[in-house]
Amino acid sequence: MSRPELQAPPEIFYNEEEARKYTRNSRIMEIQSELSHRALELLALPEDGVPRLLLDIGCGSGLSGDTLSESGHQWIGLDISRSMLDVALENEVEGDLLLGDMGQGLGLRSGVIDGAISISAVQWLCNADKSSHNPRLRLKAFFGSLYRCLARGARAAFQVYPENLDQRELILSSAMRAGFAGGVVVDYPNSSKKRKEYLVLTCGPPSISTSTPNGKGEDGESSSDDDSEDEDNQTVSISDRHRPKKKQKITKKGKGREWIIKKKEQMRKKGNVVPPDTKYTARKRKARF
Amino acid sequence: MRLLTHNMLSSNIKGVTNGFPLRIEIEKVVEKQVDFNADFLRNMFPKIEWKALIGAARTLGYVELPEEVEPSRLDSEDFLRKFHHALLELHLEEGALVCPETGRRFPVSKGIPNMLLHEDEV
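In the order they appear, the protein sequences are chains A and B. First residue of the first sequence: 938, per the working numbering; consecutive thereafter. First residue of the second sequence: 562, per the working numbering; consecutive thereafter.
If you want it as structure tokens, here you go:
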């Protein structure tokens, strides 16, 4: 899949034609709403039924905002593309919209926002689209102003597509330098398609409540970024990709039960629906069949 | 743009120390019905800059809000309704927001304020 970040700056890439896709393409809409549901879940707002004031950074056509509205929350959306915001107006989203650049910092008062989400937007900050752009300074301005405007203990959940390990490291270290606690949550780490990364940040000093939640599709293993084990897995999976493919072993006996169970386990980790392992799994058929 | 958002926004031009509240220039105001939720209002009340809210509401032509307010007023349904109307139902559709310190105008069109800064303002 091509990366939109490599093609043009966001305000130019998301032109009218591209913005249109966000109302017509049901696949884009489905993915966006799935991601925003998960981001809202990661915000872990108190379940007292009180609507909160949330921020949607890179709200685009308001698909993620709709998820927030469904849960009853009030929200303010920020985006740099006028075309996308016009689509949001057509969709009659319930939140307020702002045309702004997150890399210039958020012009909001201190401590007023109860939580922030962002779907596939923060990695845009790593690009220098204009000569005046410096990714480090833009990330610093963004996270610094976000830290100020969030209330104490409030969380931010950003779904990001970092291009490589360096970008991920850059985004995370900028957030930490701004004072946030938290880390990266990886959902379905073993699937190349369903794998999604979320940056979960908490405003304020680290405590038990600021520990990073677990990702989906992994067996209770913590996925916080400072975890060295996680870091190792990363490098392994990447070097795996570049290794030449193994030649298939051809045996007359065929694949055994062990092999099938191993494969099923792999598919389960990818988040696929797999039938349970029973005594019938990989059972031999009778000769007269 | 609702006054809730206006109450949160401040100008973040480089060098501006007090960019709040943004002055409102009106060309068009619209009203939209929003579901009333008392819990949300009670939760938001401590975060609202009251002076800025009544100032903005008066600019938009709504004068029902009291000058001074104590938290005890939050029990009164009548007061909450007025608060709700000012905070969530009045929209600045066309006009501008003006930075109180530098006088820089942020135009508002179709209810969306353009908060993009020029390169020398970052």
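The C-beta atom is built at its ideal place from N, Cα and C for all residues, glycine as well.
Taking 8 Å as the cut-off between beta carbons, the residues of the stretch 609 to 621 of chain B near chain A are Glu610, in sequence order. With contacts defined by Cβ atoms closer than 7 Å, Leu1035/A and Leu1015/A form a contacting pair.
Leu1138/A and Gln969/A have their C-alpha atoms some 20 Å from each other. With a threshold of 7 Å between beta carbons, Val1024/A makes no contact with chain B. For Arg603/B, the uninterrupted alpha helix (DSSP H) run begins and ends at 599 to 605, by DSSP.
Boundaries around Leu1036/A are those of the beta strand (DSSP E), 1033 to 1036, since no alpha helix (DSSP H) includes it.
Scanning Lys1221/A, Glu942/A, Asp1214/A for the CA closest to the CA of Asn1064/A turns up Glu942/A.
Shown in chain order are the members of the stretch 1054 to 1069 of chain A whose Cβ falls below 8 Å from a Cβ of chain B: Lys1067, Ser1069.
Note on geometry: alpha-carbon atoms of Lys1206/A and Arg1075/A lie some 37 Å from one another. Interface residue (Cβ-Cβ distance to chain A less than 7 Å): Lys589/B is not classified as such. Taking a Cβ-Cβ cut-off of 8 Å, the neighbours of Gly1044/A in chain B comprise Leu570, Ser571, Ser572, Asn573, Gly580, Met676, given in sequence order.
Against chain A, the beta carbon of Lys671/B has neighbours under 8 Å at Asp1023, Leu1026, listed in chain order.
Secondary structure of Ser1055/A (DSSP, three-state): strand.
DSSP lists no bridge partner for His679/B. The C-beta distance from Phe597/B to Leu635/B rounds to 14 Å, too long to meet the 8 Å contact threshold. Spanning the alpha carbons of Val659/B and Pro1126/A requires a straight line of approximately 48 Å. Closest option to Ser1082/A, judged by alpha-carbon separation, among Arg563/B, Leu626/B, Ile585/B, Asn573/B: Asn573/B.
Contact annotation: the stretch 624 to 634 of chain B does not touch the stretch 576 to 585 of chain B, with fewer than three C-beta pairs closer than 8 Å. Legend: CB atoms of the stretch 640 to 670 of chain B lying less than 7 Å from CB atoms of chain A are not found in any residue. Of the other Cβ atoms in all chains shown, 16 or more fall within 10 Å of the Cβ of Ala1118/A; this residue is therefore buried. Counting only the Cα atoms, Glu1202/A lies some 57 Å from Pro668/B.
In chain order, Pro988, Arg989, Leu991 place their CB closer than 7 Å to the CB of His1010/A, counting only its own chain and leaving out the 5 sequence neighbours on each side. Neighbours of Val987/A in chain B, taken as residues at a C-beta separation under 9 Å, are given in chain order as Asn598, Asp600, Phe601, Arg603, Asn604. For Val630/B, no chain A residue has a C-beta closer than 8 Å to its own C-beta; the minimum C-beta separation is roughly 18 Å. Proximity to Val590/B across Glu680/B, Glu662/B, Glu650/B, Gly664/B peaks at Glu650/B, based on C-alpha coordinates. Rounded to the nearest whole angstrom, the CA to CA distance from Val683/B to Leu1109/A is 23 Å. Per the C-alpha coordinates, the member of Ala1112/A, Ala1088/A, Glu1031/A positioned closest to Ile1050/A is Ala1088/A. Any Cβ of chain A closer than 7 Å to the Cβ of Val683/B would place that residue at the interface, and such an atom is present. Scanning Ile609/B, His567/B, Leu621/B, Thr566/B for the CA closest to the CA of Glu592/B turns up Leu621/B. Pairing Ile609/B with Asn568/B gives a Cβ-Cβ distance under 7 Å. Taking CB atoms only, Arg563/B has a neighbour in chain A less than 7 Å away.
Listed by position along chain B, the residues whose Cβ is nearer than 7 Å to that of Val1049/A are Met569, Lys608. When DSSP reads this structure, Ala1094/A sits in a beta bridge with Ile1054/A, Val1137/A. Per DSSP, reduced to three states, the secondary structure at Val590/B is strand.
In this structure, the straight-line span from the alpha carbon of Asp1103/A to that of Arg1132/A is close to 18 Å. Looking only at Val1210/A, Val1024/A, Cys1140/A, Gln1096/A, the smallest Cα-Cα distance to Val1122/A is reached by Gln1096/A.
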